[in-house]
Amino acid sequence: MHKSQVLFYLLLAFLGGVFVASLLPVSQTWILVLLIFAIGLIAISGYQKTYSKRGLLAGVLFLIFVFGIVRFNSFNFANSILNQFADIEVGGKVMVVTLSGYVDEEPDINGNKAQLVFRVKGLIVPDKILAVDERTLIYTNAFPKYKFDDELLVEGALKTPQNFAEDFDYVAYLKKQNIRTVMSFPKINKEGNLRLRFFEKAKVELYKKIFELKSKFELTINKSISEPNASFINGILLGSRQNIPEEIKEAFNKTGTTHILAISGYNIMIISWALLSLLIYFFKRRSAFWISVAVIILFTILTGASSSVVRASIMGLLLLFANGYGRLYDPKNSIILAGAAMIWLNPFALVFDIGFQLSFLAVLGLLYVYPFLDNKFRKIPELWKLKELTLMTVSAQLTVVPLLIYYFHQFSPLSLPANILVLPFVPFAMLIGFISGISGMIFLPLGKLIGIVVWAVTTYQIGVAELLSGL
Numbered sequence: 430m431h432k433s434q435v436l437f438y439l440l441l442a443f444l445g446g447v448f449v450a451s452l453l454p455v456s457q458t459w460i461l462v463l464l465i466f467a468i469g470l471i472a473i474s475g476y477q478k479t480y481s482k483r484g485l486l487a488g489v490l491f492l493i494f495v496f497g498i499v500r501f502n503s504f505n506f507a508n509s510i511l512n513q514f515a516d517i518e519v520g521g522k523v524m525v526v527t528l529s530g531y532v533d534e535e536p537d538i539n540g541n542k543a544q545l546v547f548r549v550k551g552l553i554v555p556d557k558i559l560a561v562d563e564r565t566l567i568y569t570n571a572f573p574k575y576k577f578d579d580e581l582l583v584e585g586a587l588k589t590p591q592n593f594a595e596d597f598d599y600v601a602y603l604k605k606q607n608i609r610t611v612m613s614f615p616k617i618n619k620e621g622n623l624r625l626r627f628f629e630k631a632k633v634e635l636y637k638k639i640f641e642l643k644s645k646f647e648l649t650i651n652k653s654i655s656e657p658n659a660s661f662i663n664g665i666l667l668g669s670r671q672n673i674p675e676e677i678k679e680a681f682n683k684t685g686t687t688h689i690l691a692i693s694g695y696n697i698m699i700i701s702w703a704l705l706s707l708l709i710y711f712f713k714r715r716s717a718f719w720i721s722v723a724v725i726i727l728f729t730i731l732t733g734a735s736s737s738v739v740r741a742s743i744m745g746l747l748l749l750f751a752n753g754y755g756r757l758y759d760p761k762n763s764i765i766l767a768g769a770a771m772i773w774l775n776p777f778a779l780v781f782d783i784g785f786q787l788s789f790l791a792v793l794g795l796l797y798v799y800p801f802l803d804n805k806f807r808k809i810p811e812l813w814k815l816k817e818l819t820l821m822t823v824s825a826q827l828t829v830v831p832l833l834i835y836y837f838h839q840f841s842p843l844s845l846p847a848n849i850l851v852l853p854f855v856p857f858a859m860l861i862g863f864i865s866g867i868s869g870m871i872f873l874p875l876g877k878l879i880g881i882v883v884w885a886v887t888t889y890q891i892g893v894a895e896l897l898s899g900l
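Using the numbering used here, the first residue of the sequence shown is number 430, and each one after it goes up by one.
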């Protein structure tokens with residue numbers, strides 16, 4: 430067996446262990462039993478003259494499988510200081526604690542309510558202050574408004590999150606973000622005396638600049654393009670969906686194109702491939718590759734560089750490398766290696782992160798389904814890359830549709846034609862929207878001029894979704 434095949438099976442075994450542990454609770458006793466079995470298999474194979482290599486490989490694979498289980502459990506049951514102070518009652522009353530820290534992400538505002546991801550640096554209980562470095566989720570009112578890096582003093586009761594729907598594991602969704610406790614409508618006061626370590630302070634300052642840039646970019650788009658197209662562009666570029674009219678959201682939902690309105694791995698895969706395909710028209714392949722890489726990195730920064738977008742962007746960059754520098758020697762190894770590295774950092778991504786799953790399947794669709802379809806339809810003329818973009822859309826769509834049906838329990842017969850008509854124009858709309866925003870930040874009239882083109886393209890996309898949703 431070739432070394433590349435051995436690597437593939439080793440990575441697959443690790444992912445298999447994480448997958449099993451994600452679905453079934455595996456106790457320490459069972460881990461010990463599996464570990465003894467794996468070591469025994471390796472030991473026995475060492476004494477056999479025939480099939481010893483196969484036995485040794487099987488034992489090592491089983492050992493790596495157990496290692497995947499251990500990695501998931503270590504992440505899932507990581508020691509949490511905040512958890513020890515959750516759901517505690519003293520004298521018939523819920524215990525109140527005080528937390529000091531800062532807002533660790535952009536607040537999620539929905540109507541008159543808001544959610545703050547809060548990085549806790551200190552937990553204050555009677556007679557002691559405990560040093561902490563954990564995240565908790567705070568439910569509060571939309572006003573007064575808070576922003577990323579606001580240093581706060583929060584007083585309230587910590588609770589363990591609970592699942593509120595049968596078909597959605599909310600606890601796992603929060604754990605995926607390293608959040609294991611919640612606090613509802615606490616007393617919040619602004620504070621400004623946190624002392625952060627050098628690297629954490631540098632990270633906070635960097636993200637603060639990123640969010641300021643994002644806010645300025647979003648404001649420029651609003652000035653350059655009329656509504657509802659401006660909200661549509663901000664949605665697909667920055668993930669800001671709150672201002673998109675409900676009727677437009679419903680139209681995209683009915684036609685199975687909702688993923689276009691959100692920043693997902695699926696979108697980034699399409700954008701990565703399409704961007705390189707379009708730029709090759711104007712630049713040499715290597716130059717087009719590096720321009721595409723720069724655009725994807727800038728795009729990631731502008732969206733706020735959330736973990737899900739970063740993971741999807743890594744997959745997109747890997748896809749760009751495969752297509753920009755010639756086919757990788759073994760694409761499946763490169764993809765599974767990237768996926769295994771991401772899952773090592775966050776084992777919950779494999780089963781509980783829809784964005785990660787979409788990006789992974791979209792990559793597989795573009796690497797394996799697209800060449801097959803391209804060969805089948807080779808006699809059809811290119812027509813300014815429209816055939817290529819359409820086949821890319823269909824390839825990615827075919828691989829992700831089963832997952833979309835599984836998660837959202839619905840499938841529209843219009844989904845495929847709607848995606849074929851709308852999705853090929855998404856990379857163009859995003860690219861021109863991106864140029865319009867950047868240009869407008871430098872010289873607003875130029876941004877408005879380019880915004881006319883953006884308006885035309887997005888009007889077509891919204892129109893198609895609304896037309897098909899009415900059928």
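Using N, Cα and C, we set each Cβ at its ideal position, and we do this for glycine too.
Open item on the list: Please report the straight-line C-alpha distance between V449 and V435, rounded to a whole angstrom.
Closed with: 21 Å
TODO: Please confirm whether G880 and I654 have their CB atoms less than 7 Å apart.
DONE: yes
Task: Other residues of its chain near Y758: CB distance less than 8 Å, five sequence neighbours each side excluded - done: A caution first: Y758 carries a pLDDT of 48, below 50, which makes its placement in the model unreliable, though a value can still be read off. Counting only Cβ-Cβ distances below 8 Å, and skipping sequence neighbours, we find S433.
TODO: Put Q591 into one of helix, strand or coil per three-state DSSP.
DONE: Q591: coil per DSSP, three-state reduction.
- [ ] Would you mind stating whether A847 and L795 have Cβ atoms separated by less than 7 Å?
- [x] no
Open item on the list: Tell me the DSSP secondary structure of L757 in three-state form.
Closed with: Confidence is the limiting factor: at L757 the pLDDT is only 48, short of 50, which leaves the residue's position unreliable, though a coordinate-based value still follows. Looking at L757 - three-state DSSP - the assignment turns out to be coil, as it is neither helix nor strand.
Task: Local Cβ density within 10 Å of Y799, reported as buried at 16 or more and exposed below that - done: Y799 comes out buried.
TODO: Would you give the residue range spanned by the alpha helix (DSSP H) that Y889 belongs to?
DONE: 873–898
Task: For N512, the three-state DSSP class (helix, strand or coil) - done: helix
TODO: Measure from the alpha carbon of L818 to the alpha carbon of each residue in F837, F854, L485, then state which is nearest.
DONE: F854
TODO: Would you identify the three-state DSSP class for N682, choosing helix, strand or coil?
DONE: Here N682 sits in helix by DSSP.
- [ ] With DSSP as the reference, label E534 as helix, strand or coil.
- [x] coil
Task: CB contact flag (G488, S474, <7 Å) - done: yes
Open item on the list: Can you tell me which residues form a DSSP beta bridge with S529?
Closed with: G551, L582
Open item on the list: Rounding to the nearest angstrom, what Cα-Cα distance links R624 and L666 in this structure?
Closed with: Their Cα atoms are separated by approximately 34 Å.
Open item on the list: Only counting the same chain, and skipping five residues up and downstream in sequence, which positions put a Cβ closer than 8 Å to that of I861?
Closed with: Only I879, V882, V883, V886 meet the Cβ criterion.
- [ ] Pull up the DSSP beta-bridge partners for S613, would you.
- [x] Y568
Open item on the list: Residues in the same chain with beta-carbon distance under 6 Å from A658, minus the five sequence neighbours each way, listed in chain order, please.
Closed with: For the record, residue 658 in the displayed sequence is Asn; it is not Ala. Excluding sequence neighbours, N658 sits near W884, T887.
Open item on the list: Buried or exposed, going by whether 16 or more other CB atoms sit within 10 Å of the CB of E647?
Closed with: buried
TODO: Mind the definition here: the segment 588–600 touches the segment 621–641 only if three or more C-beta pairs lie below 8 Å; say whether that holds.
DONE: no
- [ ] Kindly indicate which residue of E563, A586, L603 has the alpha-carbon position closest to the one of F593.
- [x] L603
TODO: State the DSSP-derived secondary structure class of V455, mapped to helix, strand or coil.
DONE: V455 carries a coil assignment under DSSP once its states are collapsed to helix, strand and coil.
Open item on the list: Quick check on T458: buried or exposed, where buried means 16 or more other Cβ atoms within 10 Å of its Cβ?
Closed with: exposed
Open item on the list: So L850 and L900 are supposed to be a Cβ contact under 8 Å. How far apart are they, rounded?
Closed with: About 13 Å separates the two Cβ atoms, so there is no contact after all.
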